[in-house]
Structure formats: C-alpha cells, structure tokens
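Below: one structure, written as structure tokens.
There are 2 protein chains.
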Amino acid sequence: MQMVETRRQQIESVASALFRERGYAATSVRDIAKALDIQGGSLYAHVASKEDVLWSIVSRAADRFRERVHPIAERQTSATDRLREMCRAHVEVVTQNLETASVFLDEWRFLGTERQAAIAERRDAYEALFRRVIEEGVARGEFTPTDPKITAIAILSALNGIATWYRLDGPLSADSIADQYAGLFIRALACDPSKPTVRPSQSIPKPRGRPIR
Amino acid sequence: MQMVETRRQQIESVASALFRERGYAATSVRDIAKALDIQGGSLYAHVASKEDVLWSIVSRAADRFRERVHPIAERQTSATDRLREMCRAHVEVVTQNLETASVFLDEWRFLGTERQAAIAERRDAYEALFRRVIEEGVARGEFTPTDPKITAIAILSALNGIATWYRLDGPLSADSIADQYAGLFIRALACDPSKPTVRPSQSIPKPRGRPIR
DNA sequence: AAGCCTACCTAACACTTGTTAGGTGTCAAT
DNA sequence: ATTGACACCTAACAAGTGTTAGGTAGGCTT
C-alpha cells in the first residue's frame, strides 16, 4: 500500500532543491512547477501559498534537528561525551537532509513575521541545548572556562557551514567530517590535564541576564 | 577638499544595508532609490546595473579581508601566533564592515557566472592562507595533527557566522569576541604538551591531490 | 448511469521587476 | 549669454511575479 511519494511531498522536495541553489526569493512558483512538469497555477491545488511550502520545509527541518539532538543532551553521561555526540548527530542531520537543512538555515528569514518568530524561538532553544552542556562541563571542571554562549554559537556556526559545501559525491564521508569537527571542539574545550581544577562541581550557576563581560 | 561621500558610495552603502537585511533578490532597485529619496530610474545615472552594485560591494569586501589577513599570514612568527592574529583580523573586518561583509558572504551567489567564479577563486586563495598556516603548524609539531582543509573551513565558518548575529549595540565588544574565537581555535589545535612531538620540522609537505581519507 | 473527487489546464488579474529614452532644472566654465 | 555637464524626473517597455476563477478529463464510488 505504501505510495512512493505524495504530490505535496514531491513539491516540497523539488522546492527544497531550488530554494537551496537559487534562494527562496529568486525561485518562482513557475520554476517549481516546471521541475514537476506541470503548470504554475496547478501547484495551488496542493499548497496554499509559496510561503507555505517554505514553512513546511523549514519547520520539518527544525523538527529533525531537535528530534535527534535533544535526547542526547539529556543523557546522564559526561559533558564531553554528550557534546561529541550532539555534534555528530547535528552533522548527520545536515548531511542526510542537505537540501532541507540548507533551506532551514538560510531561507527562514523569508517567512512572515510570526512564523519567523516561531523559528527564532526554536533555534534559541536548540542553541540552549549546546550552551547548557558547555555550562555544565565548565562548572564540573570538565571543560576549560569559556563563555558558553559564544562557544555554543561558534560551534553551531561551524557545523552549519557544512551545509554550504558538503557534497554527497565529494571525497569526505559524513562520518569522518563529523568526527573531525567533534574532535576539534572537544580539544578546544577539554581542560588542560596538567591542572586538574575540580571546581565546586555538581552545581551549575544560573545564567545571569547579560551573557558576558 | 575631501567630499563627504560620493553618490555612488551612498548607493553602495544603502544597498549593502538592504541586501543584508532582505537579501539581494528580494531588494528592488526602487527600494534602494527610495532609501536615498530619489526615483528608481535615477540610479542608472550612477550605476550600470543592479548586479553592478552587488559586484562593487562584494569585490571590495573581498579586498578588505585579503588586505588585512594576507600580511599576517606571511609573518615569520609561530603558526600559533599567526593563526591567532589572522582570526583576530578576520573578526575585525567582519565587525567593522558588518554590512558589506555580510553581503560578501551571503549574496555573492547572485552574481553572474564569471564574476561568481572570480570570487570563488579569491575565496579559495583566502581559505588557503588559513590552511597553510595550519599545515605548517602541524608539520612543525606545533599543532595536533588534523586535516588542515577541514579545520580551515571549520574555523572560517565559525568566524563568518559572526556576521549574522553581531550587533554594534550588543553587549559584546568586537575585541572580546575575537579573543574568544581565537582562543577556542588555538586550544583546539595546540599540541598536547605532555608529548612534545617535534616532527621532522621545517619541511612542509606539499599538499596532495585529494584532501583526506 | 450518475455523481463526485482528484489532478491538472488555461487564462487572466493586478502588480512588481530591471532598465531605458527623453526631458527639466541647476550650476560652473567659457 | 551660451554651453555643457550633472543630477534627477517622468513615463514607459517587456517580462515576470503570486495567485485565482473556471473548466476539463479521468477514475472511483454509489
């Protein structure tokens, strides 16, 4: 009974590819239709608007990231371990959903105001997953003391950059990329073993209003 | 004699701001004109085309990055030192030219094919500056062995990400951001001091065809 | 056989797009 | 006083934009 792909899914799939390579604003509804060998107006039997398609893509991609990474963030393992696995999972989502992930990362600003706000909220929450793991690692003396907010953003920027240059037919496997990135960040955070500063431990300080300085 | 700002410069300045916040494709020539309180067609007394404006912005921004970072890459100091300073300089260019840098990073794909290729070439050369410093640091045993290409891309992705979120009126000074980022990457690359592997030294291996694996 | 649903088409709508041709006024140099 | 450059305007162009209304053909159910 399993049908291969509903028309709506085909539209989103084709739109993802076009939005990624030309950008949302530079892709017309007729471009999408042409890729499916139908007429521009015929799309509206399946979708309410062009922005609607973007929203579906973006919001589904947001789901994927959270679904994969959130469970890892809640594990009871070391911060080092969780951060490594979170990085790996993030890279996996990017490389396995290259088009939708790219659209999510780059084109969400073309959504209407409310939808944009909804995504911003989810991105903040997602970023907070990384920030908290870093905070915890620092508090436990597992990580070098750093500003968790900046560090989290730096890590995510680097990981998200993969979406721009990764090619399925390239020489690098997704796994090896993930390992390299994860290793890089773990080394950046790993506490210098020469001075085993075991901070107050256990207690994680509540984040104050302003992030730094 | 110094005139404040030629009309052409005003156009590019206003266009940078609009391209950054709405994207090139979603910004009309009339939008740019309206910001200058003139009529859409009047712009063509100063510029040849919309793409021409983009090209000016993008290519000038590319210049700025190279001008600031290339001299540092050629210093005779340690790889650690050079990488740190290169990161700092890059952040400086981003934060001091927020709008043009953002446009350079995000909107260059809307250039025509040849101009796009020209920018791609310059970006590759710029990326190579970072890659070579990393290669050298690894070869000298100054850095942990890592794939220089991936590492360079990771660093630049993180640094470029700053262009998306940095605000002049935000709580973080550009300098402190630069230090944090630079510190992060240096720690990620610094060789574990417990095993002072002084590799063959001096000789830097020629990069082979395929990057890794 | 009738009705209905799905999937698509055609044609048009109101509007926006980048760009150009020709015209107007201002100001400095001749 | 004439010239010419400069900065801008108006008006239009051809093409493309997202979207809609109305129509048609085929297949499924009744």
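Here the protein sequences come in this chain order: Z and H.
Note that this note's numbering has the first sequence beginning at 51, numbered continuously upward.
Note that this note's numbering has the second sequence beginning at 51, numbered continuously upward.
Glycine is no exception: its CB is placed at the ideal position from the N, C-alpha and C atoms.
No experiment lies behind these values; they were computed from the predicted model shown.
Using a Cβ-Cβ cut-off of 9 Å, R165(Z) is close to nothing in chain H; its nearest Cβ partner there is about 16 Å away. Within the region 153-199 of chain H, complete beta strand (DSSP E) segments of at least 3 residues are not found at all.
In chain order, A204, I205, S207, A208 and G211 make up the part of chain Z whose C-beta sits under 8 Å from the C-beta of A208(H).
Looking at the DSSP output, A240(H) shares a beta bridge with F193(H).
Interface with chain H (8 Å Cβ-Cβ cutoff): Q230(Z) is included. K199(Z) has its alpha-carbon roughly 16 Å from the corresponding atom of E171(Z). Burial state of T201(H) is buried, judged by a 10 Å Cβ sphere holding 16 or more other Cβ atoms. Counting only the Cα atoms, D81(H) lies some 10 Å from V64(H). Per the coordinates, the alpha-carbon of R138(Z) lies some 45 Å from the alpha-carbon of A85(H). By the Cβ-count criterion, T77(Z) is buried, with 16 or more other Cβ atoms from all chains shown falling within 10 Å of its own Cβ. Distance from the CA atom of T56(Z) to the CA atom of T150(H), rounded to whole angstroms, is 43 Å. Here G187(Z) really is in contact with A129(Z); their C-beta atoms are around 3 Å apart, less than 8 Å.
For I227(H), the closest Cβ of chain Z is nearer than 8 Å. Unbroken alpha helix (DSSP H) stretches of 4 residues or longer found wholly inside the region 108-152 of chain H: 129-146, given in chain order. Contact between F235(H) and Y176(H) does not hold, since their C-beta atoms are separated by about 16 Å, which reaches or exceeds 8 Å. Using a 10 angstroms sphere on the CB of E71(Z), the tally of other CB atoms stays under 16, which defines it as exposed. Any Cβ of chain H closer than 8 Å to the Cβ of I107(Z) would place that residue at the interface, and such an atom is absent. In its chain, beyond the 5 residues on either side, V119, H120, A123 and M136 have a beta carbon closer than 8 Å to the beta carbon of L179(H). Rounded to the nearest whole angstrom, the CA to CA distance from L155(Z) to A168(H) is 26 Å. Only G73, A75 and A76 from the region 71-88 of chain H bring a Cβ to less than 7 Å from some Cβ of chain Z. In the structure shown, I227(H) adopts helical secondary structure according to DSSP, grouped into three states. At a C-beta separation below 8 Å, A238(Z) has these neighbours in chain H: L234, F235, R237 and A238.
Contact note: T201(Z) reaches chain H through Q230 and L234, using a C-beta cutoff of 8 Å and chain order. Rounded to the nearest whole angstrom, the CA to CA distance from A75(H) to S207(Z) is 24 Å. Boundaries of the alpha helix (DSSP H) around E71(H): R57 to R72.
With 16 or more other Cβ atoms inside 10 Å of its own Cβ, G73(H) counts as buried.
Residues of chain H whose Cβ lies closer than 7 Å to the Cβ of D197(Z) are, in chain order, Q230. Residue contact check for T150(Z) against chain H: no CB pair falls below 8 Å. V141(Z) sits close to A224(Z), with the two beta carbons spaced by under 8 Å.
The C-beta distance from A238(H) to R237(Z) rounds to 5 Å, short enough to meet the 8 Å contact threshold.
Around the beta-carbon of G91(Z), fewer than 16 other beta-carbon atoms lie within 10 Å, marking it exposed. For L148(Z) against Y216(Z), the beta-carbon gap comes to about 6 Å, under 8 Å, which counts as contact.
Neighbours of T145(Z) in chain H, taken as residues at a C-beta separation under 7 Å, are lacking, since the least C-beta distance is about 14 Å. Of S106(Z), F193(Z) and F69(Z), the smallest CA-CA separation from R132(Z) is found for F193(Z). Assigned with DSSP and collapsed to three states, Y216(Z) falls in coil, not helix or strand. When secondary structure is reduced to three states using DSSP, L86(H) falls in the coil class, being assigned neither helix nor strand.
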